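Reviewing the structure listed below.
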Amino acid sequence: MSRYWLMKTEPNTYSIDDLEREGRTQWEGVRNYQARNLMREMQVGDRVLFYHSSAKPPGVVGEARVVREAYPDHFAQQPDSPYFDEKASAEDPRWYMVDVEFVRKLPGFVSLETLKGARGLEDMIVTQRSRLSVQPVTRDEFYIVCALGDGASA
DNA sequence: GCCAACGTTGGC
DNA sequence: GCCAACGTTGGC
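Throughout, my numbering is defined as the position within the first sequence, counted from one, plus 20.
In structure tokens:
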């Protein structure tokens, strides 16, 4: 079971700066079963690579940490929410979220292009054209990405 | 803005 | 349970 993850967010919607300012946030709005199932495997203390998608350029911008394990995403039950799902209910919440807290911004931005060219990251899901918004990352991959963001040379 | 990849829905 | 149509993601 992975203790390391990558979570995507569009910075227009929620960025690393938002997380730094707020300190902690609910990761609501995941509406994909595979991503949901992965979130349900998360444990408090798990480490997260914070990834900006649909950004120019896209890439890893920081690190976060899981501070609350999966619980019902109640936004799915709120008709005025953009994340509303009419099939969700209190009895069967259908969707779940976790809470994450800010750990740090990486000193250096690690672009998707860099990830794709880095030794040891060939099998990383995000480099494989995957649309999955919550992804497991191996321990080695996690530390390689952090090293790239900390400015270590190959 | 385009479009490839891929997930979901619904008719049969 | 198959699969075509459709919708979404997200890089480019």
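Each residue gets a CB set at the ideal place from its N, CA and C atoms; glycine is no exception. Since we're looking at a predicted model, the values are computed, not measured.
If you reduce the DSSP assignment to three classes, tell me which class Thr147 lands in.
Position 127 of the first sequence, counting from 1, holds the residue named residue 147. For Thr147, the three-state secondary structure derived from DSSP is helix.
Burial state of Ala110 (16 or more Cβ within 10 Å)
Here residue 110 corresponds to residue number 90 of the first sequence, with the count starting at 1. Counting other Cβ atoms within 10 Å of its Cβ, Ala110 stays below 16 and is therefore classed as exposed.
Between which two residues does the beta strand (DSSP E) harbouring Asp119 extend?
Position 99 of the first sequence, counted from the start, is the residue given in the question as residue 119. Here the beta strand (DSSP E) through Asp119 covers Tyr116 to Ser131.
Using alpha carbons as the reference points, say which of Leu126, Gly171, Arg44 and Asp38 lies closest to Val118.
As a first step, residue 118 is located in the first sequence; it is residue number 98 there, counting from the start. The option with the nearest alpha carbon to Val118 is Arg44.
Could you tell me how far apart the beta carbons of Arg114 and Asp105 are, in whole angstroms, since I believe they sit closer than 8 angstroms?
In the first sequence, counting from the first residue as 1, residue 114 sits at position 94. In the first sequence, counting from the first residue as 1, residue 105 sits at position 85. Beta-carbon to beta-carbon, Arg114 and Asp105 are separated by about 6 angstroms, close enough to satisfy the 8 angstroms threshold.
Could you name the residues of the same chain whose beta carbon sits closer than 8 angstroms to that of Met59, not counting the 5 residues immediately before and after it, in chain order?
Along the first sequence, one-based indexing puts residue 59 at 39. Cβ neighbours of Met59 beyond the five flanking positions: Trp47, Val50, Ala90, Tyr116, Met117, Val118 and Val154.
Would you mind listing the alpha helix (DSSP H) stretches within the region 37-65 that are 4+ residues and don't spill past its ends, in chain order?
Entirely contained in the region 37-65, the alpha helix (DSSP H) runs reaching 4 residues are, in chain order, 53-59.
Measure how close the beta-carbons of Val120 and Val87 come, nearest whole angstrom, since I'm counting them as under 8 angstroms.
For the purposes of this step, residue 120 is identified with residue 100 of the first sequence, where counting begins at 1. For the purposes of this step, residue 87 is identified with residue 67 of the first sequence, where counting begins at 1. Right, the Cβ-Cβ distance comes to about 6 angstroms (below 8 angstroms), so this counts as a contact.
Just the Cα atoms here: how many angstroms apart are Glu30 and Arg149?
As a position in the first sequence, residue 30 is number 10, starting the count at 1. As a position in the first sequence, residue 149 is number 129, starting the count at 1. Approximately 16 angstroms between the Cα atoms of the pair.
Distance check for Asn57 and Asp143, CA to CA, integer angstroms please.
If you number the first sequence from 1, residue 143 lands on position 123. If you number the first sequence from 1, residue 57 lands on position 37. In this structure, the alpha-carbon of Asp143 lies about 21 angstroms from that of Asn57.
Within the continuous alpha helix (DSSP H) that includes Arg159, where are the two ends?
Your numbering for residue 159 matches position 139 in the first sequence. First-last of the alpha helix (DSSP H) with Arg159: Arg159 to Gly169.
Any idea what DSSP makes of Gly137, helix, strand or coil?
Walking along the first sequence from the start, residue 137 turns up at place 117. Here Gly137 sits in helix by DSSP.
Neighbour-count burial assignment, Arg41, 16 or more Cβ in a 10 Å radius:
Locating residue 41 in the first sequence gives position 21, counting from the first residue. Exposed.
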